[in-house]
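Notes for the one structure printed next.
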Amino acid sequence: MQEGFLGRFLGGPPTAVAFRLILLSILVGVVLAALGLDPANILRSVERLFRGVWEMGWDAVSWVWRYFLLGAVIVLPIWFVARLVKSGSRQAR
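To convert, note that position 65 of the sequence shown is 66 in the working numbering; the numbers rise steadily by one, no gaps.
Below, the structure is given as structure tokens:
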């Protein structure tokens, strides 16, 4: 079947392309709604999204730092003693 200019321009039959675009638009809309974006006020929604990610990022850093310190209190002294014991056994040989 010979495609006309519109078919070549769109990359396929116009009805099939329109159907794919509609499905893709719905999918993207669901994802954006899940992220909290509002189509009526897209700029404020994008700003709120980035602010939320930024704040969540710092909360995550704080959370990781707390567990790092808790683990480091145990891990680092054990590592240091193990290194001292290993270096002492090398010198004794």
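For each residue, glycine too, the CB sits at the ideal point set by N, CA and C.
Treat the numbers as computed from the prediction; the structure is a model and nothing was measured.
### Message
Please return the same chain residues whose Cβ sits closer than 7 Å to the Cβ of Val38, not counting the five positions on each side in sequence.
### Response
Residue numbering aside, residue 38 sits at position 37 when the sequence shown is read from its first letter. In the sequence as presented, Val is not what sits at residue 38; that position holds Leu. So the qualifying residues of the chain are Ser46, Val47 and Leu50.
### Query
Between Val31 and Trp80, what straight-line distance do the alpha-carbon atoms span, to the nearest angstrom?
The residue you call residue 31 lines up with position 30 of the sequence shown. The residue you call residue 80 lines up with position 79 of the sequence shown. Taking the straight line from one Cα to the other gives about 49 Å.
### Message
Pop quiz: Gly5 and Pro14 are said to be a contact at Cβ under 8 Å. What is the actual Cβ separation, rounded to whole angstroms?
### Response
Along the sequence shown, read from residue 1 onward, the residue named residue 5 stands at position 4. Along the sequence shown, read from residue 1 onward, the residue named residue 14 stands at position 13. Here Gly5 is actually not in contact with Pro14; their C-beta atoms are around 10 Å apart, not less than 8 Å.
### Task
Quick one: grab the DSSP three-state call for Leu7.
Against the sequence shown, residue 7 aligns to sequence position 6. Three-state result, Leu7: helix.
### Message
Can you look up Pro40 in the DSSP assignment and give me helix, strand or coil?
### Response
As a working mapping, residue 40 is identified with position 39 in the sequence shown. In the structure shown, Pro40 sits in a helix (DSSP, three-state: H, G or I).
### Endpoints, alpha helix (DSSP H) assigned at Gly30
For this step, residue 30 is matched to residue 29 along the sequence shown. Gly30 -> alpha helix (DSSP H) spans Pro15 to Ala35.
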